[in-house]
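First comes the structure, then the notes that go with it.
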Amino acid sequence: MAYEPRKFKKILIANRGEIACRIIWTCKEMGIKTVAVHSDVDRDSLHVRFADEAACIGPAPSAQSYLNIPAIISTAEIFNVDAIHPGYGFLAESPYFAEICDACNIKFIGPSASLIRLMGDKIEARRVMHEAGLPVVPGSPDAVTSEEEGLKLAREIGYPLMVKASAGGGGRGMRIVRNENELGKALETASTEAAAAFNNGSVYIERYVEQPRHIEIQVLADEYGDCIHLGERECSIQRRHQKLMEEAPSTVLTPELRQKMGEAAVAACKKLGYASAGTVEFLLDAQNNFYFMEMNTRIQVEHPVTEMVTLADVVRNQIRIAEGEPLGYTQDDVLIVGHAIECRINAENPETFAPSPGTITAFNLPGGPGVRVDTFVYSGYRVSPFYDSLIAKVIVHARTRELAIARMRRALDAMVIEGIKTTIPLHVKIMDDPKFRRGEIDTNFMEYFLTKNSRKAEIAVGG
Ligand code: MV4
12 MAYEPRKFKK
22 ILIANRGEIA
32 CRIIWTCKEM
42 GIKTVAVHSD
52 VDRDSLHVRF
62 ADEAACIGPA
72 PSAQSYLNIP
82 AIISTAEIFN
92 VDAIHPGYGF
102 LAESPYFAEI
112 CDACNIKFIG
122 PSASLIRLMG
132 DKIEARRVMH
142 EAGLPVVPGS
152 PDAVTSEEEG
162 LKLAREIGYP
172 LMVKASAGGG
182 GRGMRIVRNE
192 NELGKALETA
202 STEAAAAFNN
212 GSVYIERYVE
222 QPRHIEIQVL
232 ADEYGDCIHL
242 GERECSIQRR
252 HQKLMEEAPS
262 TVLTPELRQK
272 MGEAAVAACK
282 KLGYASAGTV
292 EFLLDAQNNF
302 YFMEMNTRIQ
312 VEHPVTEMVT
322 LADVVRNQIR
332 IAEGEPLGYT
342 QDDVLIVGHA
352 IECRINAENP
362 ETFAPSPGTI
372 TAFNLPGGPG
382 VRVDTFVYSG
392 YRVSPFYDSL
402 IAKVIVHART
412 RELAIARMRR
422 ALDAMVIEGI
432 KTTIPLHVKI
442 MDDPKFRRGE
452 IDTNFMEYFL
462 TKNSRKAEIA
472 VGG
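Going by the working numbering, the sequence shown opens with residue 12, and the numbers climb by one from there.
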């Protein structure tokens, strides 16, 4: 088979699990050789088997393997790779790692180290994105360093408000403040928590948006200033800041609002000189006002729903952009067709969400029309307690949301994972929930859903 001429002949994947497999699949389609790295306990993972070459980089704990920069860089040098794909998590948003790759003449598949660093600082990201034209929630322009300063700002911003850590994200170091009596304590505890978690106690305040939706725009930008968007993903179904399920498109975005949010995200990325795939996260309030929240500078877990409705390959685009290729198509070439839903299958107890590592004793994957499964496990695989509990993603695509829900329901019914507990039963129940089916979802959906179901369980046992 003839492949197009490629700048990258060989890529190292500095990751594990389903995303490492996902990246290898696209590399194979592009005629690019792959090098897997793995820890001791991941020797039998599928990413190791799928890759052309593999190297063990350390023992099970991530700090000694998947976060071990010297081991990864030496592997890249020994195997003579042109580029490193970091996936998500681990080193994907480490500006330090991106800088080391640059210094070693290995292309880091992602944006520049300086933009990764900028987006990691939430106060700076907020300022820069606001200057680049994105709406932000009313808030403090800088870090708030005293209760007095906070109270003064809060009089203009209004209550309720939120104290957020500048180095945060993922919900850590966040506090809701309902009135001025609560502000001092919230500033102090959020700052202490952030200092312990991120080595950076800077906090800022924002007006609190009640019951928002989490809507994010996928962008692709090349090194020549061209940028397009691939529409939105609705990610409001989360528990403790862990997404459980995502879909595209969102039930509440009109074509006009999609265009407005997409064009705003694209304009901001162009102003910043962003070059790679990226995601601009927004809060959408009940009146459909949108506000910039954060920007993710990596491939995301939920990227397949975008791939299903646009037929774009986000990983392929990331690689081509890193090779210095121009985007090669325009916004008018992007069409959104049908509806896609992704369920994250975690090795967890579906009631308590406690991790459930162990050996998979029976295994069947769903198939049929419009079903995609991204996974790295198989029958007999031992799920390690050392890593993230995500073991598979089931993604469906159909003409309408209603048909996509029916398709997901039957795909989940056909999926068998025995020997460990998984979140499959939880997803089945969400698919059957009337509010979910009506598209009535916001970031509080899981609280509603879990209390409803625990009450049902109490009634069932006569409580
Ligand atoms: C907010 C917010 C309401 N108002 N900011 C959560 C994680 C971090 N990235 C920002 N987060 C939020 N910021 C203002 N001004 C509500 C959240 C939030 C949230 C956002 C998206 C998805 C789920 C969430 C769950 C709780 C809180």
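A virtual CB, placed ideally from N, CA and C, is assigned to each residue, including glycine.
The model shown is predicted, which means the values in this text are computed figures rather than measured ones.
Three or more beta-carbon pairs under 8 Å between the stretch 398-409 and the stretch 358-378, yes or no? yes
Opposing strand residues paired with residue 283 [DSSP bridges]: Walking along the sequence shown from the start, residue 283 turns up at place 272. Per DSSP, none; premise fails for residue 283.
Let me know if residue 470 comes out buried or exposed under the rule of 16 or more other beta-carbons within 10 Å of its beta-carbon. By 1-based counting over the sequence shown, the position of residue 470 is 459. Classification for residue 470: exposed.
Just list the residues that DSSP pairs residue 244 with in beta bridges. Within the sequence shown, the letter at position 233 stands for residue 244. Answer is 227, bridged to residue 244.
Residue 200 by DSSP, collapsed to three states: which one? Looking up residue 200 in the sequence shown gives position 189. Note: residue 200 maps to helix in three-state DSSP.
Is residue 474 buried or exposed, if buried means 16 or more other CB atoms sit within 10 Å of its CB? Locating residue 474 in the sequence shown gives position 463, where the first residue counts as 1. Because the pLDDT of residue 474 is 49, which lies under 50, any placement of that residue in the model is unreliable, and the number read from its coordinates should be weighed accordingly. It is exposed - the Cβ of residue 474 has fewer than 16 other Cβ atoms within 10 Å.
How is the beta strand (DSSP E) around residue 352 delimited, first residue to last? Numbered from 1 along the sequence shown, position 341 holds the residue referred to as residue 352. From DSSP, the beta strand (DSSP E) with residue 352 extends over 350-357.
Under 5 Å, CB to nearest heavy atom of the ligand MV4: contacting residues: 148, 173, 182, 217, 219, 220, 225, 249, 454
Please state whether DSSP places residue 421 in a helix, a strand or coil. To locate residue 421, count along the sequence shown from 1; it is residue 410. Helix.
Quick one, are the C-beta atoms of residue 205 and residue 184 less than 7 Å apart? As a position in the sequence shown, residue 205 is number 194, starting the count at 1. As a position in the sequence shown, residue 184 is number 173, starting the count at 1. Cβ atoms of residue 205 and residue 184: closer than 7 Å.
Just confirm the distance between the C-beta atoms of residue 28 and residue 387, as a whole number of angstroms; I'd bet it's less than 8 Å. Locating residue 28 in the sequence shown gives position 17, counting from the first residue. Locating residue 387 in the sequence shown gives position 376, counting from the first residue. Sure, about 5 Å apart at Cβ, within 8 Å.
Taking the DSSP output, what are the residues bridged to residue 39? Position 28 of the sequence shown, counted from the first residue, corresponds to residue 39. None; residue 39 has no bridge partner.
For residue 396, I'd like the list of residues in its chain whose CB is within less than 6 Å of its CB, leaving aside the five on either flank, ordered along the chain. Taking the sequence shown and counting its residues from 1, the one referred to as residue 396 is at position 385. Excluding residues within five positions, the ones whose Cβ falls inside 6 Å are 368.
I'd like the list of long-range same chain contacts for residue 53, defined as Cβ closer than 6 Å, with 5 residues on each side in sequence excluded. Here residue 53 refers to the residue found at position 42 when the sequence shown is read from its first residue. So the list reads 27, once near-sequence residues are dropped.
Going by DSSP, what residues sit across from residue 254 in a beta bridge? Translated into positions along the sequence shown, residue 254 becomes position 243. Answer is 249, bridged to residue 254.
Limits of the alpha helix (DSSP H) - the one that residue 402 falls within: Position 391 of the sequence shown, counting from 1, holds the residue named residue 402. Not the alpha helix (DSSP H): residue 402 falls in the beta strand (DSSP E), residues 401-409.
Which residue from 22, 382, 133, 132 puts its Cα closest to that of residue 522? A question about residue 522 goes unanswered here, because the residues of the chain that appear run from 12 up to 474.
Residue 388: first and last residue of the uninterrupted beta strand (DSSP E) it sits in: Within the sequence shown, the letter at position 377 stands for residue 388. For residue 388, no beta strand (DSSP E) run applies, since DSSP gives it neither H nor E.
So, with DSSP's three-state summary, where would you put residue 272? Taking the sequence shown and counting its residues from 1, one reaches residue 272 at position 261. Reduced to three states, the DSSP call for residue 272 is helix.
First and last residue of the uninterrupted beta strand (DSSP E) at residue 69: What you label residue 69 is simply residue 58 of the sequence shown in a count that begins at 1. 64-69 is the span of the beta strand (DSSP E), which, as asked, contains residue 69.
Please tell me whether residue 347 and residue 242 are closer than 7 Å, where the distance is taken between their beta carbons. On the sequence shown, position 336 is the one that residue 347 refers to. On the sequence shown, position 231 is the one that residue 242 refers to. Cβ atoms of residue 347 and residue 242: closer than 7 Å.
In whole angstroms, what is the alpha-carbon distance linking residue 411 and residue 356? Translated into the one-based positions of the sequence shown, residue 411 becomes position 400. Translated into the one-based positions of the sequence shown, residue 356 becomes position 345. When rounded, the distance between both Cα atoms is 23 Å.
Under three-state DSSP, which class holds residue 263? Residue numbering aside, residue 263 sits at position 252 when the sequence shown is read from its first letter. In this structure, residue 263 counts as coil in the three-state DSSP scheme.
Suppose you measure from the CA of residue 191 to the CA of residue 58; what does that come to, to the nearest Å? What you label residue 191 is simply residue 180 of the sequence shown in a count that begins at 1. What you label residue 58 is simply residue 47 of the sequence shown in a count that begins at 1. Straight-line Cα distance between these residues: approximately 52 Å.
Hey, could you find the ends of the beta strand (DSSP E) residue 176 is sitting in? Against the sequence shown, residue 176 aligns to sequence position 165. First-last of the beta strand (DSSP E) with residue 176: 172-176.
Give me whichever residues DSSP pairs with residue 182 in a beta bridge. By one-based count along the sequence shown, residue 182 stands at place 171. Per DSSP, none; premise fails for residue 182.
Proximity winner among 219, 96, 269, 265, relative to residue 334 (alpha-carbon distances): Position 323 of the sequence shown, counting from 1, holds the residue named residue 334. Residue 334 has its Cα closest to that of 96, out of 219, 96, 269, 265.
Nearest-angstrom Cα separation, counted from residue 161 out to residue 195: Counting from one through the sequence shown, the residue named residue 195 turns up at place 184. Counting from one through the sequence shown, the residue named residue 161 turns up at place 150. Taking the straight line from one Cα to the other gives about 8 Å.
Runs of alpha helix (DSSP H) wholly within the stretch 280-344 (minimum 4 residues, chain order): 314-321, 325-333
List the DSSP bridge partners of residue 232. Taking the first residue of the sequence shown as 1, we reach residue 232 at position 221. Answer by DSSP bridge pairing, in chain order: 238, 287.
Taking its Cβ as the centre, do 16 or more other Cβ atoms sit within 10 Å of residue 448, making it buried, or is it exposed? Residue mapping note: residue 448 aligns to position 437 of the sequence shown, counting from 1. The residue is exposed, with fewer than 16 neighbouring Cβ atoms inside 10 Å.
Indicate the three-state DSSP secondary structure (helix, strand or coil) for residue 85 in the structure shown. Taking the sequence shown and counting its residues from 1, one reaches residue 85 at position 74. Here residue 85 sits in helix by DSSP.
Around the Cβ of residue 187, are there at least 16 other Cβ atoms within 10 angstroms (buried) or fewer (exposed)? Within the sequence shown, the letter at position 176 stands for residue 187. The residue is exposed, with fewer than 16 neighbouring Cβ atoms inside 10 Å.
Would you list the residues sitting across from residue 21 in a DSSP beta bridge? Looking up residue 21 in the sequence shown gives position 10. Paired residue(s): 44.
Going by DSSP in three states, residue 374 sits in which element: helix, strand or coil? Indexing the sequence shown from 1 puts residue 374 at position 363. In the structure shown, residue 374 sits in a strand (DSSP, three-state: E or B).
Residue from 159, 14, 172, 280 with nearest C-alpha to residue 37: Along the sequence shown, read from residue 1 onward, the residue named residue 37 stands at position 26. It is 14 whose Cα lies nearest to the Cα of residue 37.
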